[in-house]
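Novice: Dumping the structure here so I can ask a few things about it.
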Amino acid sequence: MRLSLCNEVICELDLAEQCAFAAELGYDGLEIAPFTLSEAPHLMSSAERRAVRRQVEDAGLVITSLHWLLVAPEGLSITSADPAVRHHTHAVMRELCMLAGELDARVLVHGSPHQRMLTAGAENEGMGWTMEAFAHAARAAEEADVIYCVEPLAARETNNINTLAEAVTLVDEIGSKYLRTMLDTSAAGITETEPLEALIAEYVPSGRIVHCQFNDPNRRGPGEGDMQFGPILAALEAAGYRGDIAVEPFVYKPNGQATAARAIGYLRGLMERAATPA
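Below is the structure:
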């Protein structure tokens, strides 16, 4: 299980500095938010994409994944009543799949809560448009040979797809091996009624969960709250999980660099203890 750092945590640094810092801490890679690369990341040229990949690989890292997909350009939505907005959003989603493929990132994580909100009184239409968008994403992911993940998020963030069961239902209805779901421990710790270990045991062996983001329900990094990550790591190992783990805090105290350092120290310590024979 590789550990990657969500790069917006240290976005005050330029990409080369982000790579050097993450590598020095012992991360295996970066999970990149495309808006940190460009105001229009879907329009980046092949040369620009190659330059990003080269910077990361020169630091000894990989790009594990992309997330925060629909922040830029502005005005995107998969549930807008305006068909032109939805069409443009689908086009951006397709190009982001191509971007992921060129960056050798094997996973895209579709969170983007504000860009998938359901309008009161039009929930059925909104869910239909949600299905349409993810079906489109699955086809684009197949073309790029990447995996597109539907991210369940807590109700405080969005009213559209809040639980793993809801995400799995959507994924199963679309029926593409290129469309999966993932575990965000902060959102799951707030929303799910079952223990996370039970959800891992249920959804990892079937291949539905293919990616993880680690953060505490208090929105800080792993190890900075009440959630115990040792049992979660053990459950992932027992279930045969072979995906990546991205560190994705939202609250950085005293700053992003300290948060990133604390998180990997905590997680590497848990992993080393688990690997040490009793």
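In the numbering used here, the protein residues as written are 1 to 278.
Just so you know, even glycine gets a beta-carbon here, dropped at the ideal spot from N, CA and C.
Only a predicted model underlies this, so the values are computations on that prediction, with no experimental measurement involved.
What's the gap between the Cα of S46 and the Cα of E102?
Specialist: Taking the first residue of the sequence shown as 1, we reach residue 46 at position 46. Taking the first residue of the sequence shown as 1, we reach residue 102 at position 102. Spanning the two alpha carbons is a distance of roughly 8 Å.
Novice: If you compare alpha carbons, which of L96, L76, L5, Y27 is closest to P34?
Specialist: For this step, residue 34 is matched to residue 34 along the sequence shown. The candidate whose alpha carbon is nearest that of P34 is L96.
Novice: Give me, in chain order, the residues of the same chain whose beta-carbon lies closer than 6 Å to that of C11; leave out the 5 immediate sequence neighbours on both sides.
Specialist: As a working mapping, residue 11 is identified with position 11 in the sequence shown. So the list reads T36, once near-sequence residues are dropped.
Novice: Starting from S46, follow the alpha helix (DSSP H) in both directions and report where the run begins and ends.
Specialist: For the purposes of this step, residue 46 is taken as the residue at position 46 of the sequence shown. Where S46 is concerned, the enclosing alpha helix (DSSP H) stretches over 46-58.
Novice: Is the distance from the Cβ of Y266 to the Cβ of G223 below 7 Å?
Specialist: As a working mapping, residue 266 is identified with position 266 in the sequence shown. As a working mapping, residue 223 is identified with position 223 in the sequence shown. The beta carbons of Y266 and G223 sit closer together than 7 Å.
Novice: Let me check understanding here. Comparing Cα to Cα, which of A274, G269, T276 lies closest to G26?
Specialist: Taking the first residue of the sequence shown as 1, we reach residue 26 at position 26. Closest option to G26, Cα to Cα, is G269.
Novice: Label E157 either buried or exposed according to how many other C-beta atoms from any shown protein chain fall within 10 Å of its C-beta, with 16 as the threshold for buried.
Specialist: For the purposes of this step, residue 157 is taken as residue 157 along the sequence shown, with counting starting at 1. Buried is the call here.
Novice: Which parts of the stretch 105-171 are runs of the alpha helix (DSSP H), unbroken and 4 residues or longer, counting only runs that do not cross its ends?
Specialist: Secondary structure in the stretch 105-171: the alpha helix (DSSP H) runs of 4 residues or longer, each lying completely within the stretch, are 123-144 in chain order.
Novice: Can you tell which of V52, H88, E194, F134 has the C-alpha that lies nearest to the C-alpha of S176?
Specialist: To locate residue 176, count along the sequence shown from 1; it is residue 176. Among V52, H88, E194, F134, the Cα nearest to that of S176 is on F134.
Novice: Between the stretch 130-145 and the stretch 52-65, do at least 3 Cβ pairs fall closer than 8 Å?
Specialist: no
Novice: Would you check if the stretch 50-59 and the stretch 241-260 touch, i.e. whether three or more CB-CB distances between them fall below 8 Å?
Specialist: no
Novice: Can you name the start and end residues of the alpha helix (DSSP H) that Q257 belongs to?
Specialist: Counting from one through the sequence shown, the residue named residue 257 turns up at place 257. Q257 -> alpha helix (DSSP H) spans 256-275.
Novice: What number of angstroms, rounded off, separates the C-alpha of P341 from the C-alpha of T276?
Specialist: In the structure displayed, the chain extends from 1 to 278; residue 341 sits before or after that span and is not available.
Novice: What does DSSP give as the partner residues of V247 in its beta bridges?
Specialist: Taking the sequence shown and counting its residues from 1, one reaches residue 247 at position 247. According to DSSP, which records beta bridges pairwise, V247 is partnered with L5, F214.
Novice: Is S186 helix, strand or coil when you go by DSSP?
Specialist: Numbered from 1 along the sequence shown, position 186 holds the residue referred to as residue 186. DSSP places S186 in helix when its eight states are reduced to three.
Novice: Quick one: Cα of A260 to Cα of A16, how far?
Specialist: Mapped onto the sequence shown, residue 260 falls at position 260. Mapped onto the sequence shown, residue 16 falls at position 16. Approximately 16 Å, taken between the alpha carbons.
Novice: With DSSP run on the structure shown, which of helix, strand or coil describes V62?
Specialist: By one-based count along the sequence shown, residue 62 stands at place 62. In the structure shown, V62 sits in a strand (DSSP, three-state: E or B).
Novice: Measuring only the C-alpha atoms, how far is R262 from D14?
Specialist: To locate residue 262, count along the sequence shown from 1; it is residue 262. To locate residue 14, count along the sequence shown from 1; it is residue 14. Between R262 and D14, the C-alpha separation is close to 21 Å.
Novice: Which residue's Cα is closest to the Cα of A274: L233, R54, I245?
Specialist: For the purposes of this step, residue 274 is identified with residue 274 of the sequence shown, where counting begins at 1. Cα-wise, what sits closest to A274 is L233.
Novice: What's the gap between the Cα of Y148 and the Cα of A51?
Specialist: Here residue 148 refers to the residue found at position 148 when the sequence shown is read from its first residue. Here residue 51 refers to the residue found at position 51 when the sequence shown is read from its first residue. Straight-line Cα distance between these residues: approximately 23 Å.
Novice: Would you list the one or two residues that DSSP bridges to I32?
Specialist: To locate residue 32, count along the sequence shown from 1; it is residue 32. Paired residues: L66.
Novice: In whole angstroms, give me the CA-to-CA distance for T130 and K253.
Specialist: On the sequence shown, residue 130 is found 130 positions in, with the first residue counted as 1. On the sequence shown, residue 253 is found 253 positions in, with the first residue counted as 1. Cα-Cα distance, rounded: 35 Å.
Novice: Short check: CB of V251 to CB of R208, under 7 Å?
Specialist: Position 251 of the sequence shown holds residue 251. Position 208 of the sequence shown holds residue 208. No, the Cβ-Cβ distance between V251 and R208 is not below 7 Å.
Novice: Using only the alpha-carbon positions, how far apart do A22 and H211 sit?
Specialist: Here the question's residue 22 lines up with position 22 in the sequence shown. Here the question's residue 211 lines up with position 211 in the sequence shown. A22 and H211 have their C-alpha atoms roughly 20 Å apart.
Novice: Under the three-state reduction of DSSP, which class applies to R180: helix, strand or coil?
Specialist: On the sequence shown, residue 180 is found 180 positions in, with the first residue counted as 1. In the structure shown, R180 sits in a strand (DSSP, three-state: E or B).
Novice: Under 8 Å by Cβ, that's how I've got A246 and E31 pegged, so tell me the actual separation to the nearest angstrom.
Specialist: Here residue 246 refers to the residue found at position 246 when the sequence shown is read from its first residue. Here residue 31 refers to the residue found at position 31 when the sequence shown is read from its first residue. The Cβ separation is near 4 Å, so the contact holds.
Novice: Below 8 Å, how does it come out for the stretch 154-168 and the stretch 183-199: are there three or more Cβ pairs, yes or no?
Specialist: At 8 Å Cβ cutoff, the stretches touch.
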